[in-house]
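The opening position of the sequence shown corresponds to residue 9 in the numbering used here, with each subsequent residue numbered one higher.
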Amino acid sequence: SGESNSDNITNVVRPVFSGSGEVGAKVVLSINSKSYETEIGSDGNWVITVVDSLPEAAHNYTIVATDIAGNTQTRTGSVTVDTSAPIFAGGLSAASDTGKFSNDGVTKNTTPIFAGTGEVGAKVSLVINNFRYSTEVQADGTWTIQIPAAQPLPDGTRNYTLTATDVAGNVTTLAGSVVVDTQTVDVSGGLNSASDSGISNTDKLTNVTTPFFNGTAEAGADVVLQINGITYTTVADASGNWSKQVTNALN
């Protein structure tokens with residue numbers, strides 16, 4: 009099983025052995041301290057199924073063919089049984105996660121990088137936005153896939169599936185989503201009308217040395233107010249409103 013059909017690695021615990029030889033000869037397969045017997049058919053082929061499950065491990069085997077005259081021929085080999093799902097982790101890389109946090113799955117990058125770790129040699133597949141991208145886990149146990157410029161992700165929530173398939177054909181699947189947001193944040197605001205003590209509450213004149221500023225922005229957006237060499241930060245609430253008081257008295 010797995011990518012290669014000749015590497016003698018399998019996730020089948022009751023594998024099938026087969027071959028060809030002299031018609032009528034007896035074939036005995038010995039593996040994992042048990043023996044299985046059959047006879048070569050009239051077409052010159054033989055098949056033996058191991059009926060006792062093989063444990064995960066490398067198993068040496070011997071195949072002995074004996075013809076009707078008593079002549080024998082022996083073949084030896086080994087097969088590795090691997091039924092364990094590969095260790096696999098990953099998702100949007102921290103370098104491509106441009107959201108407020110490096111692990112919030114939000115990015116302004118339309119060609120982001122997905123990265124992670126896994127079993128060396130395992131094949132990794134990423135399916136997102138109806139496209140499939142593939143790579144292989146490298147010798148250091150890491151993998152990386154970048155969305156190509158020719159297939160940028162559009163704005164919105166994009167579900168994805170990551171699949172790792174090891175050399176024996178065992179599979180581990182991860183699912184997640186990323187939010188792509190390339191829109192600039194609309195922000196408005198200024199001196200709060202209650203802090204504007206001039207003749208007009210819009211003339212931006214005040215006798216308040218620690219005034220409030222307020223306005224609107226995208227819900228959840230960080231808002232930075234810089235005045236008199238001091239920086240103040242706040243976050244727009246769920247309704248998109250923000251407010252911040254200057255705490256260092258203005259001259």
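C-beta atoms are modelled at their ideal positions from N, C-alpha and C, and glycine is treated no differently.
With DSSP run on the structure shown, which of helix, strand or coil describes residue 64? The count along the sequence shown starts at 1 and reaches residue 64 at position 56. The answer is coil: DSSP assigns residue 64 none of H, G, I, E or B.
Residue range of the unbroken beta strand (DSSP E) whose run includes residue 166: The residue given as residue 166 occupies position 158 in the sequence shown. 164-173 is the extent of the beta strand (DSSP E) around residue 166.
Supposed contact pair residue 67 and residue 36 - C-beta distance, whole angstroms, cut 8 angstroms: Counting from one through the sequence shown, the residue named residue 36 turns up at place 28. Counting from one through the sequence shown, the residue named residue 67 turns up at place 59. Incorrect: roughly 16 angstroms between the Cβ atoms, too far for contact.
Assuming residue 96 is part of the beta strand (DSSP E), what are its boundary residues? Taking the sequence shown and counting its residues from 1, the one referred to as residue 96 is at position 88. Note, residue 96: beta strand (DSSP E), 96-100.
Suppose you measure from the CA of residue 99 to the CA of residue 180; what does that come to, to the nearest Å? Locating residue 99 in the sequence shown gives position 91, where the first residue counts as 1. Locating residue 180 in the sequence shown gives position 172, where the first residue counts as 1. Approximately 14 angstroms, taken between the alpha carbons.
Measuring only the C-alpha atoms, how far is residue 116 from residue 151? In the sequence shown, the residue the question calls residue 116 occupies position 108. In the sequence shown, the residue the question calls residue 151 occupies position 143. Rounded to whole angstroms, residue 116 to residue 151 spans 22 angstroms at the Cα level.
Go through its chain and collect everything with a Cβ distance to residue 201's Cβ below 6 angstroms, but skip five positions before and after it. Here residue 201 is taken as the residue at index 193 of the sequence shown, counted from 1. Closer than 6 angstroms at the Cβ level, and outside the excluded window around residue 201, lie 209.
Just tell me which of 89, 104, 195 has its CA closest to the CA of residue 225. For this step, residue 225 is matched to residue 217 along the sequence shown. For the residues 89, 104, 195, the minimum Cα distance to residue 225 belongs to 195.
Return the CA-CA distance between residue 72 and residue 20, expressed in angstroms with no decimal places. What you label residue 72 is simply residue 64 of the sequence shown in a count that begins at 1. What you label residue 20 is simply residue 12 of the sequence shown in a count that begins at 1. Computed Cα separation, rounded: 23 angstroms.
Looking at the unbroken beta strand (DSSP E) that takes in residue 109, where does it start and where does it end? Stepping through the sequence shown from its first residue, residue 109 is reached at position 101. Here residue 109 belongs to no beta strand (DSSP E), and DSSP marks it neither H nor E.
Inter-residue spacing [alpha-carbon to alpha-carbon] between residue 32 and residue 23: Along the sequence shown, one-based indexing puts residue 32 at 24. Along the sequence shown, one-based indexing puts residue 23 at 15. Answer to the nearest angstrom: the Cα atoms are 23 angstroms apart.
What residue does the beta strand (DSSP E) around residue 182 start on, and which one ends it? Walking along the sequence shown from the start, residue 182 turns up at place 174. Element bounds for residue 182: 179-188.
Residue range of the unbroken beta strand (DSSP E) whose run includes residue 123: Within the sequence shown, the letter at position 115 stands for residue 123. In the DSSP annotation of this structure, the continuous segment of the beta strand (DSSP E) that includes residue 123 starts and ends at 121-126.
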